[in-house]
């Protein structure tokens, strides 16, 4: 059994890790860390875990985490980078679900996140944990930077077209929509029910923190700079990301559907829906799958890709477990095959 | 492996049975019947089942169902009573999630449901499938009448007090609230998003079809007639039932909490929350648990019981699987231990 | 024109006062006070007011408010009682929408609100601003204590039966449900979208702050002590209160509908719906009306009253404007006749 | 007083016309037509109208409508074109809120709407009722084709840039999101609460019926063909449209904000929000305003325009009343200045 720890177990992402790991057949959940709630039992705070998870929450102390085989960080910005180096020295493999290790350039990181990076020397060693492009390197990694939720949906949507060079990389549009759980559990007035319900809005339209992460990945895939315009929006729902992607086709092709189906045929968690489909966020609720559909409006030269995930699963905890399965040479679907809730 | 069939597999309750049975370690899902969608593959209709459930939907034909060990009916009123007698003759055990077999008196049944009962002679053999009061009889049953969602929440809430005779049965109030999935998938204008969203209302305040079922059970528990006032309401949410129960204490007691804790100590799916708790429907979303809390406002002689379930699980499909586990002598929690989605 | 001021203009209730008073044909909105946002212009904070309300927000200073004819307090607990005495001396009439002046007994007030009352000597002078029971006294009042939202819906629902003595006052149940705006705009985690959406729960089941206010009014109406059990719940919607009331009939009557229709025939803001109706919160959204329906389940001796209001209008700002109209001898409907938004 | 009639008074758009016209100071609402509910009184069907609108619903009969000065059609496709010619002959001016008269080319109309147009000879006379581009022609019009909701938000968003020729018309993206009321009140399963709640999806990504209307208007504004990609989405909310528009700047400019502010300075119902703003649908709920913000992500050559309206007001009934005000030489804001509901 793989001994696992979770730092930040009481946020939405941490709780989702608990859900997935508590029933994972090859994992023993050893340590749950919560700095705000340490000392309490998780099931007292969350009655849905009564009788299912009996752990008490601990303070963040590397001595407690050192016996683990793998530690997941579901923490706010800046926490993981303070602790990961020490754990790596103790030969604990780390999967960071925060943004601490996703960018390769510490200067870009610093300019977007407003603080200097605590361990720029290991940024280069962190493997970007998107299995669909990095599977073999994840298998060997000691430190995996789990992708953000928006980046996962957007990269998987553009990937086949950019790999083939079939679209013009100078005008890529990613119009993305997220449920409220993407904002976490901090009590901010804009996330109040009455402020978010029966409302729709964009935010960070002039530039969002996830932009450099997406840009870095797309540029690497395209093997040249891409000009990406990314606008995120908030949807009054709990879970789900829907990315609507726009680009201009440069290739003369009638095989878009085939391109996507073949690129993802072997991928356990990417489903290319039939021609004419419109994926829905509820169809991936609670699941680690990404559903994709490709459209060519009016048969013209513009392509529209619809890509949806559950931001807490394929966009966070599920992908982290998928990465763990790869790192520990387990079947990739292990612990991730539950059927989602519908409706 | 228990060979199982589901009649009515494409409604909300039928799909919930599919979710639970597809992963049940002792069940082989053999036949899925849908009269409206027969011939189609379930995963084509519901992309969330892609790669997880490969069955095609069949027409309702007892010849197809006869090889099953158990058949679940997740059908509209009046369907099960046409088919169950034939299946029983073929030694197929039946669990009916509709209202066809819940009332003992065919005249009462007929007056509430507006048609004569098709097989009144077997009404008496049907066992009311609430394990917390009927476990041993369920184990022997060939035909289980799975309780309604409102009745489950309300009966479990009143049960300890009525068994002890600690409340006045002449004035029982059950104010119940349900999410929209309780109304099924029929396209009716009152269930449209714009009609139900940002709204709250009661319905059937002068008398609801579930009343005789609840009344029958409470009367049996109290061993005398009870005067129950039951008003259901619609909450703009997908899943969940919250019953708020009111009664007058006739006993001079300070051990309400202990009463509930002891009554349900051995029950795998009833959780009595700590004193002062307020159970929430989301804490049982996707789970077979009933969460209960007991209050005595201002320390007076009135008692308030709060009882919540997921209407599609403990209120329907989950309880049906629990009953199946009992009927086939399996561990009662089998296939029912998944952690719910939060948030 | 009546010169009006609002203290606490940026909360949900204060903004609703702004909405109603900005278009009131006999009111000139003179002063808007917000301690947290003073100096800013209201329309900058709330784009829906652009071009409609040009006021800047001011600090709380009685010198600014003294020229007003009437000042509304839409403030947190304990603010109005610090300022009202001074304004009354300056001959400014006051309408307090907070709980500061609703209870007659300063000791009860202190025990429920956890602080001593600042001006117990004027508690007796405050008129409880429910026009349906206090119209003539409101007309003469210098200080009106505007009722709470739950109390308004519940008192109007029980009023005809209690006045006639047709129900047993020893077992009254008020099961009440409120939208989230009742909790105000404070950023608390339980009011976050993801915590409140797709959820239903009770709160304060052992005793809520509104209980003594309701109890005081019902006792006064019944002319004897009443035993009221009141449990509030949270509905995932923005606006609306639905009170479901239960009592035992002591009278032998078949004229419940007539009783209600006659009691409220002259009331401009109480609508008794036809027999068999189920009022919906959305039908009073944005309106000052209370919709009521009376049911007698199964023709028995229990009565169920359904009473709905918009908590921010008849439950707060609208009723305050209604009270102002009465105080200043205006037509009671003035400024309150807009048709609500549907859907 | 202008005598007005509404055909289709019981749909969401028709009811919104009732709301606006019932209180319009220069309008007398004479005839309300509903083919499905004729004979009933509107306030019996909709309790929120009790005491406010006393009309009975009539059958569709031009004799009843002929005495009107203006008739609004809030009908399904194909109804208005059967009746409008006769009304025009009777010198009744018509405002059609359906799609019957929005396209100039009857062949395009027929190919998108799947039936031949009933009166292609008057298509050319219908004036497209977007006051911001057609005010003077609307003033003279006998037949106004009220724009669709998506077209209104999108055209107003692109208008200043296209007029100036500052963007490349060969790659325009309109990613649009709508609340459920845009789908009307027909009981379809995809519009059920449980199917739409906690979900987000695109639809008609390969081509939507509103596309030719938007394309026709943008082409006319740009004075050349534009290549528009338009993808609509459904948001789990009642009201509101949010259009996110993307284009490439061809001009070397730093005055985008000024361009928009000056273009709309005199427009009573278009508000250009300050730099850096993100308009929210709730800020225009119930109002006839369009809120617009312009962004230039990372200071690059792509421009993002955010444009929001209430689909039932500026996207339908409100714009129709605005057009009526223009047609009858009234102040354009008349009857349209109510403050929206917040929250």
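Residue numbers (our numbering), protein chains in the order written: chain R, 1 to 343; chain F, 1001 to 1343; chain Y, 2001 to 2343; chain S, 3001 to 3343.
Quick reminder that beta carbons are idealized off the backbone N, C-alpha and C, glycines included.
Open item on the list: Output needed for residue 1040 of chain F: all residues of its chain with C-beta closer than 6 Å, excluding positions within five of it in sequence on either side, in chain order.
Closed with: The residue given as residue 1040 of chain F occupies position 40 in the second chain. Once the five neighbours on either side are set aside, the close Cβ partners of residue 1040 of chain F are 1057.
Open item on the list: Can you tell me whether residue 3297 of chain S is buried or exposed? The criterion is at least 16 other CB atoms within 10 Å of its CB, across all chains shown.
Closed with: Here residue 3297 of chain S is taken as the residue at index 297 of the fourth chain, counted from 1. With 16 or more Cβ atoms within 10 Å of its Cβ, residue 3297 of chain S is classed as buried.
- [ ] Output the distance between the C-alpha atoms of residue 1023 of chain F and residue 1284 of chain F, rounded to the nearest integer angstrom.
- [x] Position 23 of the second chain holds residue 1023 of chain F. Position 284 of the second chain holds residue 1284 of chain F. Between residue 1023 of chain F and residue 1284 of chain F, the C-alpha separation is close to 19 Å.
Open item on the list: Just to confirm the assignment, what range does the alpha helix (DSSP H) spanning residue 3046 of chain S have?
Closed with: Indexing the fourth chain from 1 puts residue 3046 of chain S at position 46. From DSSP, residue 3046 of chain S is part of no alpha helix (DSSP H); its letter is neither H nor E.
TODO: Could you tell me whether the Cβ atoms of residue 1279 of chain F and residue 1312 of chain F are closer together than 7 Å?
DONE: Along the second chain, one-based indexing puts residue 1279 of chain F at 279. Along the second chain, one-based indexing puts residue 1312 of chain F at 312. No, the pair does not count as a contact, with Cβ atoms beyond the cut-off.
TODO: Give the straight-line distance between the Cα atoms of residue 1165 of chain F and residue 1301 of chain F, rounded to the nearest whole angstrom.
DONE: The residue labelled residue 1165 of chain F in the question sits at position 165 within the second chain. The residue labelled residue 1301 of chain F in the question sits at position 301 within the second chain. If you take the alpha carbons of residue 1165 of chain F and residue 1301 of chain F, they lie about 14 Å apart.
- [ ] Assign residue 2028 of chain Y to one of three DSSP states: helix, strand, or coil.
- [x] Within the third chain, numbered from 1, the residue matching residue 2028 of chain Y stands at position 28. In this structure, residue 2028 of chain Y counts as strand in the three-state DSSP scheme.
- [ ] Using the Cα positions of residue 2067 of chain Y and residue 3032 of chain S, report the straight-line distance between them to the nearest angstrom.
- [x] Position 67 of the third chain, counted from the start, is the residue given in the question as residue 2067 of chain Y. Position 32 of the fourth chain, counted from the start, is the residue given in the question as residue 3032 of chain S. Those two C-alpha atoms are separated by around 48 Å.
TODO: Leaving aside the five residues before and after residue 1181 of chain F along the sequence, list all residues of the same chain whose C-beta is less than 8 Å from its C-beta, in chain order.
DONE: In the second chain, the residue the question calls residue 1181 of chain F occupies position 181. Excluding residues within five positions, the ones whose Cβ falls inside 8 Å are 1012, 1238, 1239, 1311, 1312.
Open item on the list: Assuming residue 2019 of chain Y is part of the alpha helix (DSSP H), what are its boundary residues?
Closed with: Here residue 2019 of chain Y is taken as the residue at index 19 of the third chain, counted from 1. Per DSSP, residue 2019 of chain Y belongs to the alpha helix (DSSP H) from 2012-2022.
TODO: Give a single yes or no on whether residue 1157 of chain F has its beta carbon closer than 6 Å to a heavy atom of the ligand GDP.
DONE: Annotation note on the ligand GDP: not contained in the displayed structure, which lists no ligands.
Task: Residue range of the unbroken beta strand (DSSP E) whose run includes residue 1159 of chain F - done: Reading the second chain from its first residue, position 159 is the one you call residue 1159 of chain F. Careful: residue 1159 of chain F lies outside any beta strand (DSSP E), inside the alpha helix (DSSP H) at 1149-1164.
Task: Local Cβ density within 10 Å of residue 3131 of chain S, reported as buried at 16 or more and exposed below that - done: If you number the fourth chain from 1, residue 3131 of chain S lands on position 131. Residue 3131 of chain S comes out buried.
Open item on the list: Just verifying my parser: in three-state terms, what is the DSSP assignment at residue 1168 of chain F?
Closed with: Here the question's residue 1168 of chain F lines up with position 168 in the second chain. In this structure, residue 1168 of chain F counts as coil in the three-state DSSP scheme.
Task: Cβ neighbours of residue 3 of chain R in the same chain (closer than 6 Å, five flanking residues each side left out) - done: Counting from 1 along the first chain, the entry for residue 3 of chain R is found at position 3. Here the set comprises 28, 30, 68, 69.
Open item on the list: Let me see if you follow: with CB-CB separation under 7 Å, is residue 2038 of chain Y close to chain R or not?
Closed with: Numbered from its first residue, the third chain carries residue 2038 of chain Y at position 38. With 7 Å as the cut-off, residue 2038 of chain Y does not count as an interface residue toward chain R.
Task: Whole-Å CB distance - residue 2072 of chain Y paired with residue 2138 of chain Y, under 8 Å assumed - done: Against the third chain, residue 2072 of chain Y aligns to sequence position 72. Against the third chain, residue 2138 of chain Y aligns to sequence position 138. In fact, because the Cβ distance is near 14 Å, the residues do not count as touching under 8 Å.
Task: Where the alpha helix (DSSP H) through residue 2139 of chain Y begins and ends - done: The residue you call residue 2139 of chain Y lines up with position 139 of the third chain. Residues 2131-2140.
Open item on the list: Rounded to the nearest angstrom, what separates residue 184 of chain R and residue 178 of chain R at their Cα positions?
Closed with: For the purposes of this step, residue 184 of chain R is identified with residue 184 of the first chain, where counting begins at 1. For the purposes of this step, residue 178 of chain R is identified with residue 178 of the first chain, where counting begins at 1. Cα-Cα distance, rounded: 12 Å.
- [ ] Determine the DSSP secondary structure at residue 3072 of chain S, reduced to helix, strand or coil.
- [x] For this step, residue 3072 of chain S is matched to residue 72 along the fourth chain. Looking at residue 3072 of chain S - three-state DSSP - the assignment turns out to be strand.
- [ ] Report all residues from its chain with a CB closer than 7 Å to the CB of residue 3199 of chain S; omit the five preceding and five following residues, and keep chain order.
- [x] For the purposes of this step, residue 3199 of chain S is identified with residue 199 of the fourth chain, where counting begins at 1. Excluding positions up to five away in sequence, the list reads 3236.
Open item on the list: Closer than 8 Å is the cut-off here; do at least three beta carbon pairs connect the segment 1247-1254 of chain F with the segment 1219-1233 of chain F?
Closed with: no
Task: Spatial neighbours of residue 2110 of chain Y in its chain, beta-carbon cut-off 8 Å, leaving aside the 5 residues before and after - done: To locate residue 2110 of chain Y, count along the third chain from 1; it is residue 110. Hits under 8 Å: 2116, 2117.
Open item on the list: For residue 1101 of chain F and residue 1304 of chain F, what's the separation of their Cα atoms in angstroms?
Closed with: Position 101 of the second chain, counted from the start, is the residue given in the question as residue 1101 of chain F. Position 304 of the second chain, counted from the start, is the residue given in the question as residue 1304 of chain F. For residue 1101 of chain F and residue 1304 of chain F, the distance between alpha carbons rounds to 31 Å.
Task: Residues near residue 3293 of chain S in its chain [Cβ-Cβ closer than 7 Å; skip 5 each side] - done: Locating residue 3293 of chain S in the fourth chain gives position 293, where the first residue counts as 1. Hits under 7 Å: 3273, 3277, 3278, 3279, 3306.
TODO: Check the Cβ-Cβ distances between residue 2048 of chain Y and every residue of chain S, and say whether any is below 7 Å.
DONE: On the third chain, residue 2048 of chain Y is found 48 positions in, with the first residue counted as 1. Answer yes: the Cβ-Cβ gap between residue 2048 of chain Y and chain S drops below 7 Å somewhere.
- [ ] Specify the secondary structure class of residue 1309 of chain F as computed by DSSP and reduced to three states.
- [x] Taking the second chain and counting its residues from 1, one reaches residue 1309 of chain F at position 309. Correct three-state label for residue 1309 of chain F: strand.
- [ ] Give the straight-line distance between the Cα atoms of residue 1053 of chain F and residue 1326 of chain F, rounded to the nearest whole angstrom.
- [x] Within the second chain, the letter at position 53 stands for residue 1053 of chain F. Within the second chain, the letter at position 326 stands for residue 1326 of chain F. Roughly 25 Å separates the two Cα atoms.
- [ ] Compute the beta-carbon to beta-carbon distance between residue 215 of chain R and residue 226 of chain R, rounded to the nearest angstrom, for a pair I have assumed lies under 8 Å.
- [x] Mapped onto the first chain, residue 215 of chain R falls at position 215. Mapped onto the first chain, residue 226 of chain R falls at position 226. Confirmed, about 7 Å.
Task: 7 Å Cβ cutoff, residue 1153 of chain F in contact with chain Y - done: In the second chain, counting from the first residue as 1, residue 1153 of chain F sits at position 153. So no, residue 1153 of chain F is outside the interface.
TODO: With DSSP as the reference, label residue 1193 of chain F as helix, strand or coil.
DONE: As a working mapping, residue 1193 of chain F is identified with position 193 in the second chain. Looking at residue 1193 of chain F - three-state DSSP - the assignment turns out to be helix.
Open item on the list: Just to check my reading of the structure: residue 3120 of chain S and residue 3106 of chain S have Cβ atoms closer than 8 Å, yes? What is that Cβ distance to the nearest angstrom?
Closed with: Working through the fourth chain from its first residue, we reach residue 3120 of chain S at position 120. Working through the fourth chain from its first residue, we reach residue 3106 of chain S at position 106. Sure, about 4 Å apart at Cβ, within 8 Å.
Open item on the list: If we require 3 or more residues per run, which beta strand (DSSP E) segments fall completely within the segment 2274-2300 of chain Y?
Closed with: 2290-2295
- [ ] With a 10 Å radius around its C-beta and 16 neighbouring C-beta atoms as the bar for buried, classify residue 98 of chain R as buried or exposed.
- [x] By one-based count along the first chain, residue 98 of chain R stands at place 98. It counts as buried.
- [ ] For residue 1077 of chain F, count neighbouring Cβ atoms within 10 angstroms of its own Cβ and tell me buried if that reaches 16, exposed if not.
- [x] As a first step, residue 1077 of chain F is located in the second chain; it is residue number 77 there, counting from the start. When all chains shown are included, residue 1077 of chain F counts as exposed.
TODO: Select from the segment 2178-2192 of chain Y all residues with a C-beta closer than 7 Å to any C-beta belonging to chain R, and list them in chain order.
DONE: 2180, 2181, 2185, 2187, 2188, 2189, 2191, 2192
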